[in-house]
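The next block holds one structure in the form of structure tokens; read it before the comments.
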Amino acid sequence: MNNRFRILSINPRTITTEIAIYENEVPLLECTIRHDVHDFNSLSSLSAQYTIRTEQILASLVDKGINLSKLHAVCGRGGMLKPIDGGTYKINAKMIEELLQQFRGEHPSNLGGLIANEIAKRLMIPSFIVDPVVVDEMDELAKITGYPGITRKSVFHALSHKASGRRAAMELGKKYEEVNLIVAHMGDGITVGAHANGKVIDVNNGLNGDGPFSLERSGTLPHGELVDMCYSGEFSYEEMKHELLYHAGLKAYMKHSDSMQIDQLPDREHPDYIYLEALAYQISKEIGSASTVLFGKVDAIILTGELCFHNHFLQLIKERVAWIADIMVYPGENELQSLTKGCLRVLRNEEKAKEYC
Amino acid sequence: MIDQVLPIASYHLFDELKDGIIIINKSGLICYYNKRAEIIVNQHTPLQLNKHIQDIVPNSQLLRVMNSKTYEEGKLFAFKEDSFHRISRYPLIDRKGTVIGALAVLYDVNEESNWANVDNFREVINLMLQNNAQGYAVFDEQGRTVLQNSSHKSAVAHLHLEGMNVDMVKRCVEKVFKTRRQVEETYESNTLYFHFINMPILIDGKLQGCLQLIKEESETIRLKKELQLSKGIIRVLEQTFHFEDFIYQSSMMNFAIEQAKIAAKSNRALFIRGEEGTGKCMLANAIHNGSARQYFGFKRIHPKNNREDWIDLIKGEKYLSYEGTIYLEEVNSLSLEEQVLLLKNMKDSTTPYELIISATEKLERFLIDGTFLEELYVELMKSNIYLPSLNERKEDIIPLCTYFLEQFSREGDSSFIPIEKDALKALETYSYGGNVDELKAILQLAQVKAKVNDSHIKIEHLNLTIESKGNHHNKGIIPELEENKTLSDLVEGYEKVIIEQTLRKLEGNKTLTAKSLGLSVRNLYYKLEKYNLN
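If you read the protein sequences in the order shown, they are chains V and Z.
Here the first sequence is numbered in the numbering used here, starting from 1286 and rising by one per residue.
Here the second sequence is numbered in the numbering used here, starting from 22 and rising by one per residue.
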């Protein structure tokens, strides 16, 4: 019986594609393929890029001396599908159709499923997507806002949440489906999710102004002032959106830096230090509120994402939330690894691949 | 007398000068100018005697010099923005020390006003040359060195050290003189790579000399070679091959590879014949990788070992949309019924995949026996490649030995173990039953033995005992042909004898036995159990 699985994982970005080949948990190769934007210009839609990207990925692997026929499965970052439960999904015709037509929105991750499918078809091996951004396991209760026309939506970095949740459960010696966790993913956007028995029953929408602010995004704003600002005539609709997504957050307070990098965060002596403290304060508050979602029965708090590389910042959060539960820190995004693990669980029959329908 | 003549003579002399002279008196009025000054200044405003100098030349500094009583030489002066002159100014002081006027000397130096004059240029070029990593040298039309930078000097010194004739430099220059065209040449040794670019210096169509540029690309080339090597190693580990991964010098092998390159461009089913260990699968894989199907799968199917895939291929629908390559091994092991199905498959032009079929045994034998379809045989032979056995290409043995020994030293992370001449000779005359695989196994064992004794590979390290002389190497091992025995029975009998003999030869060491037979240890144990050899 073959117990070594070789998996190609694909994470498409705007103009690059990150790929990795794993043999079980061991990465054999990880690289980023830079595409030529000119190749994309003539295409009618983002999803049409999949053929060009596929060719370039295969050419790069062959050039490196990789034997394509040794692959057992291909795994892509899922795309904008209908809201679904988390897990590993077998790529099927319906999914391909929706990703190609971009029914539910344009996003580079749509290409993940399309490329994985194309490569798998050529090599006659199975293909999967794992925990796409549209994972929706949110409790009905949590969706209610306070104004009937508006409901809360589950849009978050599901792949990172699920992978770090599973990892933490394993380290606790339990099944992911048996633990209560709070996961704070702190990357471009910051999302804090309450994981109850393997489901993310509540999570803030980091993209649409819900929850703590982040390096560049505003987070929740008092809506009175926000409405005033929208109607001040100073901003158009697009400008307003852009302002809150890219010119807000920590970056907006620290006016003297164009881009926010982890290593540029202010230290204790810095005049802008208070804004870093505020960031940690808001995240802690969000973690605190997630703990009430779980009735205080929290097995662990998990901090993950790029911001975890900043030790002092972590300390600021830890001192506020350490009383809730043990804290586990998994720095970085590790998307390719997370994809591979999702795929391995299915290949090893630890989990059944879900069918998208 | 002379006192009277002198001033007049001086005025005439001044008119002959190439520089312009203007004299003013104490109150700044022009009291003299020579002809040249008139020409220079008149381009802008007419010079007039007894006019104030600043009425004529508003930005004149002559008054300042007169008042400060200090002369200045060679200053730049602009009548207009784009018209520069050099000017020297002297206060005129009598014997009592009183200032009586001032004198200006104008050089007509319009061309010098530009910063990029010849001197500056020479200096810049010199700086550029001396600080350049590329070697530059200029030769005159006689071939003599006019200019040479340090990089060029050191490149020539390197070439000299290599024992390489410095003539290379001269030869290139001569070639340029002969052809009057740019000449490019390269010099390559194990450690050095120089790229020579030689350009003729043509002025008004006349050859004035030659500019030679030497680029040292040793590091780039070394890295490129290293990258190629690494990729080659990865390909071996990954079991994916290119045509360049074959080691050969023989014409027979060359012919086979050329045929394969052509086959890679066609979509026709291909048949590869050759003994065990001649590299049929490797060739099939190289053909796949050299074809348009390289980004599709390469599926290896053995009709006995991969039963399911084989049935799928001839009966199922699994491969109906597969655009990769299917490599079908051991076509000789098929039953007549299966052969019919394969023939049908081969004749079906709608199959999207490329079929490469191989056989270890000579099919003719089975034709005579009546166990092989003649029609299938004809179909196979339409497009076939014969891979020569190692005995048929003895000239490839030495390059293969070098290749394998290098590979072992890399894998074992040890130094390269050379092989002695008579040992090589023995290897060349030996008759190989298992072809390249056998050669590899012999060398692998030999280098282990040599390493233990810390010596070169000697003839006694080689295990050439299996009926080494003549072509009857199979005699004695092959089980007697008995009636009622199927091919697989016979093959199994042969396999048993081989394993037994090797095991005995290696004093029961199972790891070495597995290695020398190209088996995994686990597989060997399985076979030992199967044949009751424990």
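Each residue gets a CB set at the ideal place from its N, CA and C atoms; glycine is no exception.
If you're wondering where the values come from, they're calculated on a predicted model, not measured in any experiment.
Burial check for Thr-1339 (chain V): the Cβ neighbour count within 10 Å reaches 16 or more, so the residue is buried. Here Ile-1587 (chain V) is buried. Its C-beta has 16 or more other C-beta atoms within 10 Å.
In the displayed model, Ala-1479 (chain V) falls within a strand according to three-state DSSP. When Cβ-Cβ separations below 7 angstroms define contact, Ile-255 (chain Z) makes contact with chain V. Among the residues facing chain Z, Leu-1343 (chain V) is included, as its CB has a counterpart in that chain under 7 angstroms away. The alpha-carbon separation between Thr-1625 (chain V) and Ala-1443 (chain V) amounts to approximately 15 angstroms.
In terms of Cα proximity to Ile-1612 (chain V), the closest of V:Met-1539, V:Ile-1342, V:Arg-1407 and V:Cys-1593 is V:Cys-1593. Distance from Asn-219 (chain Z) to Cys-193 (chain Z) at the Cβ level is roughly 5 angstroms; contact confirmed, criterion being Cβ atoms closer than 8 angstroms.
What Gln-163 (chain Z) touches in chain V, judged by beta-carbon distance under 8 angstroms, is nothing: the nearest beta carbon there is about 51 angstroms away. Residue contact check for Phe-319 (chain Z) against chain V: a CB pair falls below 7 angstroms. One finds Tyr-316, Phe-317, Gly-318, Glu-344 and Gly-345 in chain Z with Cβ atoms closer than 8 angstroms to the Cβ of Arg-1407 (chain V), taken in chain order. Under a criterion of Cβ atoms nearer than 9 angstroms, the residues of chain Z adjacent to Val-1347 (chain V) are, in order, Thr-261, Asn-310, Gln-315 and Tyr-316. A residue is called buried when at least 16 other Cβ atoms come within 10 angstroms of its Cβ; Glu-1403 (chain V) meets this threshold and is buried. Sixteen is the threshold: since fewer than 16 other Cβ atoms of the shown chains lie within 10 Å of the Cβ of Asp-188 (chain Z), the residue is exposed. Residue pairing by DSSP puts Arg-321 (chain Z) in a beta bridge opposite Z:Tyr-348.
If you look at Asn-306 (chain Z), you'll find it in the alpha helix (DSSP H) that goes 301 to 310. CA-CA distance, Cys-1642 (chain V) to Ile-1414 (chain V), rounds to 14 angstroms.
Distance from the CA of Leu-349 (chain Z) to the CA of Glu-297 (chain Z), rounded to the nearest whole angstrom, comes to 15 angstroms.
Apart from sequence neighbours up to five positions away, the residues of its chain that approach Asp-1324 (chain V) with a beta-carbon distance below 6 angstroms are Ile-1337, ordered along the chain. Per the coordinates, the alpha-carbon of Val-542 (chain Z) lies some 59 angstroms from the alpha-carbon of Ala-1427 (chain V). When only Cα atoms are considered, Glu-1528 (chain V) and Leu-1331 (chain V) end up about 24 angstroms apart.
In summary, Lys-339 (chain Z) is exposed, with fewer than 16 beta-carbon neighbours lying within 10 Å of its beta-carbon over all protein chains present. Counting other Cβ atoms within 10 Å of its Cβ, Val-1512 (chain V) stays below 16 and is therefore classed as exposed. In this chain, the beta strand (DSSP E) harbouring Pro-1616 (chain V) covers 1611 to 1616.
With a contact defined as Cβ atoms closer than 8 angstroms, Arg-1291 (chain V) and Leu-1384 (chain V) miss out at about 25 angstroms. In the DSSP assignment, Gly-1361 (chain V) is bridged to V:Ile-1295 and V:Ile-1414. About 5 angstroms separates the Cβ atoms of Arg-110 (chain Z) and Glu-93 (chain Z), confirming a contact at the 8 angstroms cut-off. Interface criterion not met: the Cβ of Asn-1482 (chain V) is under 7 angstroms from no Cβ in chain Z.
Counting along the chain, Leu-388 (chain Z) sits inside no beta strand (DSSP E); it lies in the alpha helix (DSSP H) bounded by residues 384 to 390. One Cα belongs to Thr-261 (chain Z), the other to Phe-198 (chain Z), and the distance between them is close to 50 angstroms. Close CB contacts of Ser-1499 (chain V) within its chain, under the 6 angstroms cut and outside five residues either way in sequence, are with Gly-1474, Ile-1475 and Gly-1534 (chain order). Asn-1352 (chain V) reaches chain Z at Glu-259, Gln-260 and Thr-261, counting residues in chain order whose Cβ is nearer than 7 angstroms. A check of alpha carbon separations from Asp-1552 (chain V) across V:Leu-1599, V:Glu-1571, V:Gly-1627 and V:Glu-1510 identifies V:Leu-1599 as the nearest.
Taking CB atoms only, Lys-252 (chain Z) has a neighbour in chain V less than 7 angstroms away. Taking 7 angstroms as the Cβ-Cβ cut-off, the stretch 1371 to 1383 of chain V has no residue approaching chain Z. Tyr-1374 (chain V) sits buried, since 16 or more C-beta atoms from the chains shown fall within 10 Å of its C-beta.
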